[in-house]
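Below is one structure, written out as structure tokens; comments come after it.
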Amino acid sequence: MPPAAPRMATVNTEEAGLMGVLKNRWLQWLRLTSLLAGAAMLLSACGRADLSPLNPQGEVAKEQLNIMKISISIMTLVVVVVFTLAIYVVIRYRRRPGNDGIPVQVEGNHKLEIIWTVIPLILLVILGVPTVQTVFGQAKDYSKDEDAILVNVTAHQYWWKFEYPQEGIVTAQELVVPKNSTIVIEAKTADVLHSFWVPALAGKIDTNPAGNINRMYIKTPDKTGIFLGKCAELCGPAHALMDFKVKVVDEESYANWISAMKAPAKLPEDPAIAEVFEKKCLSCHAVGDKGVPVYPDLTGIGDRETVAGILVNTDNPKYKHEGTVYDNLYRWIKNPQEVKPGNLMPTVELTEEELQGIARYLADYKLHYESEELRNNDATSDKEER
538 MPPAAPRMAT VNTEEAGLMG VLKNRWLQWL RLTSLLAGAA MLLSACGRAD
588 LSPLNPQGEV AKEQLNIMKI SISIMTLVVV VVFTLAIYVV IRYRRRPGND
638 GIPVQVEGNH KLEIIWTVIP LILLVILGVP TVQTVFGQAK DYSKDEDAIL
688 VNVTAHQYWW KFEYPQEGIV TAQELVVPKN STIVIEAKTA DVLHSFWVPA
738 LAGKIDTNPA GNINRMYIKT PDKTGIFLGK CAELCGPAHA LMDFKVKVVD
788 EESYANWISA MKAPAKLPED PAIAEVFEKK CLSCHAVGDK GVPVYPDLTG
838 IGDRETVAGI LVNTDNPKYK HEGTVYDNLY RWIKNPQEVK PGNLMPTVEL
888 TEEELQGIAR YLADYKLHYE SEELRNNDAT SDKEER
């Protein structure tokens with residue numbers, strides 16, 4: 538009996554050490570879990586209505602969020618159950634002093650094996666049925682629907698071209714659409730792989746090279762508003778700056794916009810500025826019925842929310858990428874590579890007077906299409922973005 542005493546003491550010491558290690562790991566895990574849970578709660582409050590898929594504003598985005606909720610709920614349930622069982626087993630069946638026997642083996646327990654095979658199958662059915670319904674439902678082709686608005690979207694490095702073939706209109710960087718409508722997007726690329734994404738309204742769709750055209754549709758909300766669009770595929774140095782806007786307007790404003798876009802172009806009143814503009818700008822761009830629309834159409838650029846998709850137009854600038862329409866246009870024309878590194882617009886040789894004159898002309902080129910309802914609606918303001 539006396540020789541056994543040191544062995545028993547060694548066993549107790551080892552067990553105490555093991556329990557200490559387990560306790561420390563448990564406390565670390567608890568701290569990490571608490572931190573992640575707190576971060577998740579904090580970040581869940583960051584869903585802005587103009588750009589977050591967690592705060593959807595369109596019908597398509599709402600359906601997609603429902604699938605996300607189902608999958609996250611199932612994942613959370615599985616994680617909670619598995620961790621609970623693991624912790625219970627570790628505590629309940631831990632080795633105790635004096636117990637050196639081999640635990641009961643259950644690898645041949647057919648009942649348990651059936652249970653943990655059937656449960657995942659049930660969870661997959663719960664997730665799979667609504668997922669399949671949503672995926673096939675959102676694959677519906679509205680291109681032949683007479684009430685739908687067709688928009689051909691062409692992605693470029695690093696800007697977006699929007700063509701309305703039913704109306705014979707081409708614009709850039711700002712997709713204007715009426716509320717309560719179905720918008721059919723036919724997306725392609727002019728160069729590399731991009732991805733068209735308006736988080737608050739719908740999922741994303743790739744624009745693949747080699748002439749491939751992908752389709753999706755957007756159901757606009759029953760209220761006006763401005764929603765941020767992004768390129769969701771790494772496409773070059775200025776990928777993060779390849780933004781655009783979707784402006785949802787009322788029917789009257791949309792009709793006014795269509796008419797204004799079709800109106801004859803207005804050139805600068807100063808003949809010298811008009812000559813320079815036609816010679817050095819309209820060789821690549823277009824305004825109204827004048828110019829060559831190889832690069833972004835500039836018709837009504839003074840009405841847009843941004844210049845180059847990234848310089849936010851505001852009379853109360855607070856941040857680096859904010860300024861008045863004139864200031865943003867001046868900054869962009871003077872040094873486009875500083876604003877969007879790698880873009881294809883060269884620095885145009887202009888005198889200071891010519892630069893100021895062209896920037897002022899474009900800043901004043903407004904279509905004035907907004908109805909009284911739209912002008913009085915704060916939802917069309919971009920103050921949330923700032």
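Numbering (this note's numbering), first residue to last: 538 to 923. The beta-carbon is built from N, C-alpha and C at its ideal position, and this holds for glycine as well.
Asked, Found
"Under 7 Å between C-beta atoms of Tyr906 and Trp734", "no"
"Lys920 - DSSP class collapsed to helix/strand/coil", "Any answer about Lys920 is weak, because its pLDDT of 45 lies below 50 and its placement is not dependable; what the coordinates show is given next. Three-state DSSP puts Lys920 in coil, outside helix and strand."
"Span of the beta strand (DSSP E), counted from its first residue to its last, around Thr861", "Neither: Thr861 is in no beta strand (DSSP E) and is coded neither H nor E."
"Cβ pair Leu738, Gly595 closer than 7 Å", "yes"
"Straight-line gap, Ile838 to Asp864 (C-alpha atoms, nearest Å)", "13 Å"
"Neighbour-count burial assignment, Ala542, 16 or more Cβ in a 10 Å radius", "Low confidence applies to Ala542: its pLDDT is 49, below 50, so where it sits in the model is not reliable, and the reading given next is rough at best. With fewer than 16 Cβ atoms within 10 Å of its Cβ, Ala542 is classed as exposed."
"Three-way DSSP call (helix, strand, coil) for Arg568 in this model", "helix"
"Where Val619 falls: helix, strand or coil (DSSP)", "helix"
"Residue closest to Met753, alpha-carbon to alpha-carbon, out of Val641, Gln694, Leu892 and Ala598", "Ala598"
"Inter-residue Cα distance where the pair is Thr691 and Gln893", "31 Å"
"Glu921 versus Pro593: straight-line alpha-carbon distance, rounded", "Here Glu921 scores only 43 on pLDDT, less than 50, and its place in the model should not be relied on; the value that follows carries that caveat. Cα-Cα distance, rounded: 15 Å."
"Of the residues Ala777, Lys756, Lys716 and Gly705, the one placed nearest His731, counting alpha carbons only", "Ala777"
"Three-way DSSP call (helix, strand, coil) for Arg752 in this model", "strand"
"Straight-line Cα distance separating Thr761 from Met882", "33 Å"
"For Asn689, the three-state DSSP class (helix, strand or coil)", "strand"
"Length of the line joining the Cα atoms of Pro746 and Lys698", "16 Å"
"Contiguous alpha helix (DSSP H) assignments of at least 4 residues, all confined to the stretch 793-862", "808-817"
"Given 8 Å, three or more beta-carbon pairs between the stretch 771-788 and the stretch 864-873", "no"
"Straight-line Cα distance separating Gly879 from Gly773", "8 Å"
"Pair within 7 Å by beta-carbon distance, Lys782 and Glu842", "yes"
"CA nearest to the CA of Ile624, picked from Val669, Leu564 and Thr654", "Leu564"
"Contact set for Pro854: own chain, Cβ-Cβ below 6 Å, skip 5 residues either direction", "Gly860"
"DSSP beta-bridge partners of Ile651", "Bridge partners of Ile651: none, in fact."
"Which listed residue (Ile656, Thr884 and Lys756) has its alpha carbon closest to that of Pro715", "Lys756"
"Classification of Ser610 by the beta-carbon crowding that lies within 10 angstroms, buried from 16 upward", "exposed"
"Chain-order list of residues whose beta-carbon lies under 7 Å from that of Pro801 (same chain, five-residue window excluded)", "Gly825 and Asp826"
"C-beta atoms of Gln670 and Gly846 nearer than 7 Å", "no"
"Neighbourhood of Val876 by C-beta distance below 7 Å, restricted to the same chain and skipping five residues each side", "Ala845, Ile847, Leu848, Arg868 and Trp869"
"Nearest neighbour of Glu644, chosen from Trp653, Gly638 and Asn636 [CA to CA]", "Trp653"
"Short CB-CB distance (under 7 Å) between Gly635 and chain B", "In the displayed structure, chain B is absent; only one protein chain is listed."
"Residues that Cys772 bridges to, as DSSP identifies them", "Per DSSP, none; premise fails for Cys772."
"Within 7 Å, strictly: CB atoms of Leu588 and Pro736", "yes"
"Check whether Asp840 and Lys784 have beta carbons under 7 Å apart", "no"
"First through last residue of the alpha helix (DSSP H) which encompasses Glu644", "Careful: Glu644 lies outside any alpha helix (DSSP H) and carries neither H nor E."
"Identity of the residue in Arg897, Lys816, Leu569 and Asp834 nearest Glu886 by Cα", "Lys816"
"Supposed close pair Pro873, Trp696 - CB separation, criterion 8 Å", "At roughly 11 Å, the Cβ-Cβ gap does not stay under 8 Å, so Pro873 and Trp696 are not in contact."
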